[in-house]
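Have a look at the structure below before the remarks.
Number of protein chains: 2
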Amino acid sequence: MQDSLSTALLELKSLLGDRLSTGVSVREAHGRDEAYSTPALPDAVAFPNSTEEVAHVVKICATHKIPMVPFGVGTSLEGHVIPIHGGISVDTSQMNRVLQINESDLDVIVQPGVTRKQLNDELRATGLMFTVDPGADATLGGMAATRASGTNSVRYGTMRENVLALEVVLPDGSIIETGTRARKSSSGYDLTHMFVGSEGTLGIITKLTVRLFGQPEAIMAATCAFDTVDDAVNTVIMAIQMGIPMARIELLDDVQMRGMNIFNPDLKLPEKPHLFLEFHGSERGVAEQVEMFQRAADEFKASDFTWATKTEDRNRLWQARHDAYYAGKSLRKGSEGVVTDCCVPISALADCIAQTKKLIAESGLVAPLVGHVGDGNFHLLILVEPDNTDEMARAKTLASAVNRAALSFGGTVTGEHGVGTGKKAYMAEEHGAAYDLMAKLKQTIDPDNIMNPGKIV
Amino acid sequence: MQDSLSTALLELKSLLGDRLSTGVSVREAHGRDEAYSTPALPDAVAFPNSTEEVAHVVKICATHKIPMVPFGVGTSLEGHVIPIHGGISVDTSQMNRVLQINESDLDVIVQPGVTRKQLNDELRATGLMFTVDPGADATLGGMAATRASGTNSVRYGTMRENVLALEVVLPDGSIIETGTRARKSSSGYDLTHMFVGSEGTLGIITKLTVRLFGQPEAIMAATCAFDTVDDAVNTVIMAIQMGIPMARIELLDDVQMRGMNIFNPDLKLPEKPHLFLEFHGSERGVAEQVEMFQRAADEFKASDFTWATKTEDRNRLWQARHDAYYAGKSLRKGSEGVVTDCCVPISALADCIAQTKKLIAESGLVAPLVGHVGDGNFHLLILVEPDNTDEMARAKTLASAVNRAALSFGGTVTGEHGVGTGKKAYMAEEHGAAYDLMAKLKQTIDPDNIMNPGKIV
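Residue numbers (the working numbering), protein chains in the order written: chain C, 468 to 924; chain E, 468 to 924.
Structure, rendered in structure tokens:
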């Protein structure tokens, strides 16, 4: 391998010049993500600037059987981009152009290195928006690869629903296009969805067509408190059954709210389970949605409603929600967080959260809970002292018990973060015989196991 | 093969008894679909009544390398269910139970032989509805296999968006489950979407979990006329950009309208391009949508609005739309129809239809046009005399030219009918190198090519 690696590096250098880096700081920046996992350095980082260059890089690596790991901005949470078998980190950040905005079709074609905030900045003049919003300002290539979602998905869908077409460089360096810009198709196997969520293990995404939505005429945001998590979740179920097209509906439990108040003393919200809400529509439509929602919330004794219509008030509210990770950590100075990502059918959500809270109590650890509850998805942030191996072991035991609880309720161990290395241990249990089929697909498409080896399967 | 077939038939007979039929009339009923394709008889028809029986049937066929063709109610339109290589037609019509309605989760688990009308009948008391509505009363297994859609898809999605999870018997007889009832997941490769649209070539669907929606509080339907197809299509584009959540928006051209008036003389609609519309929402929401739509339609000089609020008026209107096929045929007594199924980005729809109409004029044939224009999908019904080989050749030339036009506009040759044998000739052109990958997937999952051989790839 060392010889073939040296040859590959020479060939890559001759292809990319300065855009191949073997410097330690660049390699270190590509040797970790935002998860609490052990870093591992790539042998080099390639910065291709076109599909053809990506294909060329892949062909060189394929010839010499050198592993490749596609890399966006490194905001994954399960070790997806960590080159655990070394090789080349293929950084697509220089492929960051918005290629074609199709206003009439409500779609846009972008290179994989475009980030979600960059895209929305470039769309601002059109009145259109890209809606998928994971916490981080991730690249669209990375978001497609992890099948990301966020706070808006209850209304506008995840990357699964929002990617219409892809260009992908396969592990042999050939280039394919999947899907079209047509809104629907019955034309053969759905390769687009095979690559969405494949975490760089089947190929490198070099172009994406994603859906856009019109910016709503009116937006109203709100927070309200409940005596119990059950009441909050039952309000969500009722709101969805009433057909209220909620744009955002987020749960924060009492522990998380305590952290929010510590992190931002101006917030001064009651330390009870909360829903953070947003309604999109016409002026009249939003008014009607709010009225319907209040009817549902009244049934479950919601209190402490605060309303935000002005943009700055809404932004403050959602900034507080996006700061949830740091707010949670402020419950325990200097702690690290182990994050879970369960998603269950919404009818099972209250029970699954109740069981989760029991498991937290038994663990003796502090673990605030936030959730995209309209989708049945919730996260724990289990707080541990860095380097406290006993606590880390207890945190992992707790995470594992919570994951198994989600499976027992007919759910999944990852609603939006992906598998990477962090969730691999659960795959056989979650998917049964279907996991064998996943392995077969990987083997077919990447027979030499050079495309992000060691992830998912 | 004859020996192994005899052995397989003996084994199947011993498994299924009377539920294996080799009678000619049963075989004939499984030797054609609703397309204008050459029939071909299966050697026998199996009627399994459980997943385990399907798996057993598949194992017997796999052992003896006998082809299998999954069969619902035979309403496919591209020869999907025709056993062109003989073998066993696996009829799932006895697996027709609704297994579990999950009202809080807005989903339902069904066996593959449940039809869409049966499902909606069983759902009526719940206030929920299953929305995908191809013309025929197809089975849900068949609809998933062809990635079907219909008039509601512009609002509620196609089978691609509505299938949450599947149970599938693979070509080796093993049983897998794909997906969960959780609303989202980032857990590994998206096998659900690989089987949706696979037309029985990768396995037999034995169970489906599909999404449901609440029945709207208020419904309003309407028709309106335009001077040109362009005006109608531009109204649709504007309505979508205004964010009107249209439940149905269907185009019928002047030729089709002439057929409608012949077929149903009570209809008396002007013989100009029409939109047939439906709005769903709250009372106030529907009123607002209608008002917004009229603003858009006024810009393009819409006329002859008729409104239908009462259920019977709405049903009459949509019955007329669902009769479009027969209405079209009434333009030419005793004719057969060759159906096309293009889908293009909506911005290209007016141009693609204009080019299509030019091609029709050049062909000298009569071909009414209807379309699910909110999705960019439209059908021609090219009318030919049965057994007139010259006309049939001209019809095929026309269909081919229209399909190529759709590809040149960045679209697909099949928006909702599927590939079967009818559209195979276009696959390499539409998908390029991605078609090779489809063939590899087929080879991996069905190495002996016994699962609906000769279709898609």
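All C-beta atoms, glycine included, are put in the ideal place defined by N, C-alpha and C. Nothing here was measured: the structure is a model prediction, and the numbers come from that model.
Neighbouring residues, chain E, relative to residue i (Cβ below 7 Å)
{"i": "N844/C", "result": "K651"}
{"i": "R648/C", "result": "P812, G877"}
{"i": "R614/C", "result": "S653"}
{"i": "D600/C", "result": "Within 7 Å Cβ-Cβ: nothing; D600/C doesn't reach chain E, min ~14 Å."}
{"i": "D572/C", "result": "P812, I813, S814"}
{"i": "M724/C", "result": "Under the 7 Å cutoff, chain E gives no residues; its nearest Cβ is about 25 Å from M724/C."}
Cβ-based burial, residue i [other Cβ within 10 Å; buried from 16]
{"i": "A758/C", "result": "At residue 758/C the sequence reads Glu, which differs from the Ala that was named. Burial call: exposed."}
{"i": "A817/E", "result": "buried"}
{"i": "A592/E", "result": "exposed"}
{"i": "N619/C", "result": "buried"}
{"i": "Q567/E", "result": "exposed"}
{"i": "N782/E", "result": "exposed"}
{"i": "A529/E", "result": "buried"}
{"i": "K777/C", "result": "exposed"}
{"i": "N855/E", "result": "exposed"}
{"i": "K825/E", "result": "exposed"}
{"i": "L952/C", "result": "Since the first residue of chain C shown is 468 and the last is 924, residue 952/C is not available in this structure."}
{"i": "S875/C", "result": "exposed"}
{"i": "G594/E", "result": "exposed"}
Interface partners of residue i on chain C, CB under 7 Å
{"i": "E897/E", "result": "S654"}
{"i": "G752/E", "result": "G752, E755"}
{"i": "T625/E", "result": "K651"}
{"i": "D857/E", "result": "Correct list: empty, because the minimum Cβ distance to chain C is about 30 Å."}
{"i": "T702/E", "result": "Per Cβ cutoff of 7 Å: no residues; T702/E is ~13 Å from chain C at best."}
Cross-chain neighbours of residue i in chain C, by beta carbon under 9 Å
{"i": "H884/E", "result": "S653"}
{"i": "E766/E", "result": "Residues of chain C passing the Cβ test: none, with the nearest at roughly 15 Å."}
{"i": "M905/E", "result": "G655, Y656, L658"}
{"i": "A900/E", "result": "L637, S641, I642, I643, E644"}
Of the residues the options, the one placed nearest residue i, counting alpha carbons only
{"i": "L669/E", "options": "G655/E, L637/E, G681/E", "result": "L637/E"}
{"i": "G710/E", "options": "E684/C, N569/C, D697/C, N728/C", "result": "E684/C"}
{"i": "A900/E", "options": "G640/C, Q682/C, V557/C, M727/C", "result": "G640/C"}
{"i": "E829/C", "options": "A862/C, E766/C, P550/C", "result": "A862/C"}
{"i": "M724/E", "options": "Y656/E, K735/E, N855/E, E634/E", "result": "K735/E"}
{"i": "E717/C", "options": "G831/C, A872/C, A866/C, R622/C", "result": "R622/C"}
{"i": "F597/C", "options": "A612/C, T613/C, E628/C", "result": "E628/C"}
{"i": "Q822/E", "options": "P712/E, S867/E, A794/E, T856/E", "result": "S867/E"}
{"i": "H531/E", "options": "I671/E, G624/E, T474/E", "result": "T474/E"}
{"i": "S653/C", "options": "T613/E, M727/E, V635/E", "result": "T613/E"}
{"i": "H789/C", "options": "H839/C, G748/C, I827/C", "result": "H839/C"}
{"i": "R583/C", "options": "M610/C, S571/C, G594/C, V557/C", "result": "M610/C"}
{"i": "I686/E", "options": "A699/E, L658/E, F746/E", "result": "F746/E"}
{"i": "E501/E", "options": "L836/E, G541/E, L904/E, V811/E", "result": "G541/E"}
{"i": "G726/E", "options": "S797/E, H846/E, A605/E", "result": "S797/E"}
{"i": "L719/C", "options": "G795/C, P853/C, H547/C", "result": "G795/C"}
{"i": "V430/E", "options": "E883/E, G617/E, D721/E, A714/E", "result": "There is simply no residue 430/E to check, as chain E begins at 468 and stops at 924 in what is shown."}
Residues that residue i bridges to, as DSSP identifies them
{"i": "P537/E", "result": "V557/E"}
{"i": "G748/E", "result": "A685/E"}
{"i": "M596/E", "result": "F680/E"}
{"i": "M610/E", "result": "In DSSP, M610/E forms no bridge with anything."}
{"i": "L487/C", "result": "A513/C"}
{"i": "N569/E", "result": "D574/E"}
{"i": "F767/C", "result": "None; F767/C has no bridge partner."}
{"i": "E644/E", "result": "E634/E"}
{"i": "L847/C", "result": "L836/C"}
{"i": "E717/C", "result": "F743/C"}
Neighbouring residues, chain E, relative to residue i (Cβ below 8 Å)
{"i": "V880/C", "result": "S654"}
{"i": "M894/C", "result": "S654, G655"}
Nearest-angstrom Cβ-Cβ length linking residue i and residue j, presumed shorter than 8 Å
{"i": "T559/E", "j": "P534/E", "result": "The Cβ separation is near 17 Å, so there is no contact."}
{"i": "I555/C", "j": "V524/C", "result": "7 Å"}
{"i": "R494/C", "j": "P509/C", "result": "6 Å"}
{"i": "G843/E", "j": "R650/C", "result": "5 Å"}
{"i": "C819/E", "j": "A769/E", "result": "22 Å between Cβ atoms; not a contact."}
Chain E residues whose Cβ lies nearer than 9 Å to that of residue i
{"i": "G681/C", "result": "I707, Q708, M709, G710"}
{"i": "G664/C", "result": "S652, S653, S654, G655, Y656, D657"}
Distance cut-off 6 Å: residue i Cβ against heavy atoms of the ligand MN
{"i": "S802/E", "result": "No copy of the ligand MN occurs in the structure displayed, which carries no ligand at all."}
Proximal residues of chain C, C-beta to C-beta of residue i below 8 Å
{"i": "I923/E", "result": "G655, Y656"}
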